[in-house]
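*Asks:* No gaps in the numbering here: position 18 of the sequence shown is 18 in the UniProt record's numbering, and each next residue is one more.
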Amino acid sequence: LRSGILSLQCPLCRNSQAFLVDMFIMGIRIPFRLPSWEENDAFAELGERHRHCDASECLFPGGRQEAEEEGPWELLLCSSCAAEGTHRQCSGLRDSTTSWECDNCA
Numbered sequence: 001l002r003s004g005i006l007s008l009q010c011p012l013c014r015n016s017q018a019f020l021v022d023m024f025i026m027g028i029r030i031p032f033r034l035p036s037w038e039e040n041d042a043f044a045e046l047g048e049r050h051r052h053c054d055a056s057e058c059l060f061p062g063g064r065q066e067a068e069e070e071g072p073w074e075l076l077l078c079s080s081c082a083a084e085g086t087h088r089q090c091s092g093l094r095d096s097t098t099s100w101e102c103d104n105c106a
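1) Use the C-beta contact count for residue 67: other C-beta atoms within 10 angstroms, 16 or more gives buried, fewer gives exposed.
2) Using C-beta distances below 7 angstroms, list every residue in its chain close to residue 83, excluding the 5 sequence neighbours before and after it, in chain order.
3) According to the Cβ coordinates, are residue 63 and residue 88 closer than 9 angstroms?
4) In this structure, how does DSSP classify residue 45 when only helix, strand and coil are distinguished?
5) Look at the alpha carbon of residue 48 and the alpha carbon of residue 81, and state the distance between them as a whole number of angstroms.
6) Sorted by chain position, which residues of the same chain lie with C-beta nearer than 6 angstroms to residue 78's C-beta, five sequence neighbours on each side aside?
Pasting the structure below:
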């Protein structure tokens, strides 16, 4: 019922109209509202890019949260999952390296 009347559908056939009629006949009250997961920017963090170095020892003088646009302190994200990042220098990568894979994906 967290999905509300606007998104509720049969889990087997995905038909919403007949399913809602059956719910009404059976006396199940469906709230008329937006799905609860669409309220209060519930998924806002999914649009944010990973922004820190996950190397076991970060060498950047500015700290894990800082990075430069290019060079040895550019933050590279894992080319497979984008859930981890590293400064080139922290993982011993050359400036010519354009992609990197984290330990979980490698």
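Just so you know, even glycine gets a beta-carbon here, dropped at the ideal spot from N, CA and C.
*Replies:* Taking the coordinates as given:
1) For this step, residue 67 is matched to residue 67 along the sequence shown. Residue environment: residue 67 is assigned as buried (16 or more neighbouring CB atoms within 10 Å of its CB, all protein chains considered).
2) Along the sequence shown, one-based indexing puts residue 83 at 83. Only 50 meet the Cβ criterion.
3) Residue mapping note: residue 63 aligns to position 63 of the sequence shown, counting from 1. Residue mapping note: residue 88 aligns to position 88 of the sequence shown, counting from 1. Cβ distance not < 9 angstroms, so residue 63 and residue 88 don't count as in contact.
4) If you number the sequence shown from 1, residue 45 lands on position 45. Residue state, collapsed to three classes: helix.
5) As a first step, residue 48 is located in the sequence shown; it is residue number 48 there, counting from the start. As a first step, residue 81 is located in the sequence shown; it is residue number 81 there, counting from the start. Cα to Cα, the separation comes out at about 14 angstroms.
6) Residue numbering aside, residue 78 sits at position 78 when the sequence shown is read from its first letter. Excluding positions up to five away in sequence, the list reads 84, 101, 102 and 105.
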